[in-house]
Amino acid sequence: MPAAFSPLRSFPRGALTALLAVGFLVIALGWLAAGRTSGSTSGSYREAVVGRPVRINPLMDPANQAEADLSALIFSGLMRLGPDGAPEPDLAERWEVTADQLTYTFHLRSDVTWHDGAAFDAEDVAYTIGRIQSESFTGPASLKAEWEGVQVFVDDAMTILIRIPEPAADFLVRATVGILPEHLAGQLDTGEGFEARPFERHPIGTGPYRLVSLTNQHAVLRHNTSYFGGTPPITEIELRFAESEDEQLAWLRDGEVNAALLPGTVPATTIEEATAGRDDLAASVLATDAETVLYINNQRGILADSRTRAAIAASIDTKAVVEAAGVSELPGAGVIPPGSGLYAEPSREPADVEALWAAAQWERGPDGIRTREGEQLSLELVTNGEGDRTALANAIAAQLTTAGVNVEVITAPAQRVVTDYLRAGNYDLALFGWETPPDPDPYTGWHTSQIAAGNVAGFSDPEADALLEAARTTLDVTERRELYALFEARFEELGASVVISYPT
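Numbering (the numbering used here), first residue to last: 124 to 627.
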């Protein structure tokens, strides 16, 4: 869960996002996440993306999809995310951790070289972490916070020790951050503020592809013949920079590119029309690292009653909401998204919705709206009117009206939804979304201690707190998965809120 709220972006860290025609780049990046063994290459590949890269630097938030893709292909981290989202060794050959889970020893690969031929060693790792920790760091505050209080010790050229201030189940995910070359520090220290450094226009990494050309029209990468992970499946990748989604579609239609990354807001019919003449194209929908949540204000009036919240939450069918809204999003299945290695399929039986309403003592009146002790169940649902959000809000309101809840939808600019409603606790229901990190630790969004920060629903429960605390400190993935499954059950039982969808 994020430290700060912002409207959802379409290029979250750690994932390719959008609807994609022909999946070669996904094959390339999927190969990075899999076994990385390939006996042959498949020539060239051209992809259209909107936007032009300004800074190619793994320590910076990507300004667009081009920057995200280039960083992923050019740089490597100590660890990488595997097919199931779990961290696996990358530049590190192996690692171990002390019994107190505070000191990690990474044994580095001895067969790694930078794209300019220089040898990679532990000093590069120490240099990169030092940049993140420096006062002059201009990258994302969230990245800096992840490395606050961390101590780094170079044991020898191929061994580095990292001591963290407290046990953290997600530390190995943090260690996937791309490593920068210490011997090119001068190219990274030139420039001021947010101005692009020379290195960021001519990046040198240890990844499977090296940049050979960057213009305002395109970026060209060729496979790294010295790559430690094996032969990349594509010899040359060209990213062509489009001005708009219309230009991407035109290039697809005219056969100028092999693929295009398109946001889920582009209608499927539009894509079908643009690609009708090409039998070599196929479409895939990929979920983003994000989720859209219907927050139920746990601290407000009648909603402070967990029985009422549970009945409201159980009355919402997320699949039906997404279908009724006509949006290209995947139905919500819980706080931990199904694509995560920490997700566990719910084993509990579907809730008896009418029994929950009866337990909460809300009875239908003559007009179909529920009442209790003479009070009608009327709620406001606030959301930002951007993208698909209003359509989702209206679909939710329609479902709740059928269930006997009078709902009025209110729209406001995203920043106002955050400041005037969510953070102020001035709402009944609120539909909003955020990015989720590769390790989807729900602590900051739902732990009692975070009510003044990320826990804007005001959810507070000692049992849920204990589960979240245990899950974020164990390194046993199976145990974490079981703890999160118990948390999800408690979350549902108390009607904390509802995860409506995962944007694509």
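Quick reminder that beta carbons are idealized off the backbone N, C-alpha and C, glycines included.
None of these values were measured; they are calculated from a predicted model.
Asked: Pairwise C-alpha distance: residue 280 and residue 452; Found: 47 angstroms
Asked: Extent of the continuous beta strand (DSSP E) to which residue 229 belongs; Found: 226 to 231
Asked: Beta strand (DSSP E) segments (min. 3 residues) lying fully within the segment 294 to 354; Found: 332 to 337 and 341 to 346
Asked: Whole-angstrom C-beta distance between residue 614 and residue 458, which should lie under 8 angstroms; Found: 6 angstroms
Asked: Unbroken stretches of the alpha helix (DSSP H), 4 residues or longer, contained in the segment 539 to 573; Found: 566 to 569
Asked: Continuous alpha helix (DSSP H) assignments of at least 4 residues falling wholly in the segment 504 to 531; Found: 512 to 526
Asked: C-beta atoms of residue 211 and residue 203 nearer than 7 angstroms; Found: yes
Asked: Whole-angstrom C-beta distance between residue 382 and residue 170, which should lie under 8 angstroms; Found: 5 angstroms
Asked: Nearest-angstrom Cα separation, counted from residue 377 out to residue 334; Found: 26 angstroms
Asked: Proximity below 7 angstroms, CB of residue 298 to CB of residue 277; Found: no
Asked: Selection from 529, 295, 542 and 481 that minimises the alpha carbon distance to residue 205; Found: 295
Asked: Classification of residue 291 by the beta-carbon crowding that lies within 10 angstroms, buried from 16 upward; Found: buried
Asked: Whole-angstrom C-beta distance between residue 546 and residue 579, which should lie under 8 angstroms; Found: 6 angstroms
Asked: Inter-stretch contact at 8 angstroms, needing at least 3 Cβ pairs: the segment 354 to 370 / the segment 165 to 185; Found: yes
Asked: Cβ distance (whole Å) where residue 372 is taken to contact residue 551 below 8 angstroms; Found: Contact doesn't hold; Cβ gap of about 41 angstroms is too wide.
Asked: CA-to-CA distance, residue 192 to residue 415, given in whole angstroms; Found: 24 angstroms
Asked: Length of the line joining the Cα atoms of residue 346 and residue 584; Found: 52 angstroms
Asked: Limits of the unbroken beta strand (DSSP E) element including residue 218; Found: 215 to 220
Asked: Top-ranked residue by Cα proximity to residue 569, from 581, 197, 559 and 177; Found: 581
Asked: Exposed unless 16 or more other CB atoms sit within 10 angstroms - verdict on residue 305; Found: buried
Asked: Proximity of residue 530 and residue 504 at Cβ, strictly below 7 angstroms; Found: yes
Asked: Contact under 7 angstroms by Cβ, residue 432 with residue 577; Found: no
Asked: Nearest residue (CA-CA) to residue 413, options 610, 557 and 310; Found: 557
Asked: Closest residue to residue 446 among 522, 379 and 477 (Cα-Cα distance); Found: 522
Asked: Nearest candidate by alpha-carbon position, reference residue 389, set 370, 484 and 311; Found: 370
Asked: As assigned by DSSP and simplified to three states, the class of residue 363; Found: strand
Asked: Neighbourhood of residue 175 by C-beta distance below 7 angstroms, restricted to the same chain and skipping five residues each side; Found: 189, 339 and 364
Asked: Neighbour-count burial assignment, residue 629, 16 or more Cβ in a 10 Å radius; Found: With the chain represented from 124 up to 627, any question about residue 629 goes unanswered, as that position is not in the structure.
Asked: Host beta strand (DSSP E) of residue 494 (start-end); Found: 493 to 495
Asked: Top-ranked residue by Cα proximity to residue 455, from 496, 465, 439 and 464; Found: 439
Asked: Buried versus exposed, by CB contacts within 10 Å (16 or more), residue 145; Found: For residue 145, the pLDDT reaches just 33, beneath the cut-off of 50, and the residue's location in the model is therefore unreliable, although a value from the coordinates is still provided. Per the 10 Å Cβ criterion, buried.
Asked: DSSP state of residue 646 mapped onto helix, strand, coil; Found: Residue 646 cannot be examined here, being either before or after the span of the chain that is shown, 124 to 627.
Asked: Buried versus exposed call for residue 233 [16 or more other C-beta atoms within 10 Å across all chains shown]; Found: exposed
Asked: Same chain only: Cβ atoms within 6 angstroms of residue 621, ignoring 5 sequence neighbours per side; Found: 417, 436 and 439
Asked: Nonlocal neighbours in the same chain, by C-beta distance under 8 angstroms from residue 273, ignoring five residues either side; Found: 252, 256, 285, 286, 287 and 288
Asked: Where the alpha helix (DSSP H) containing residue 445 begins and where it ends; Found: 441 to 448
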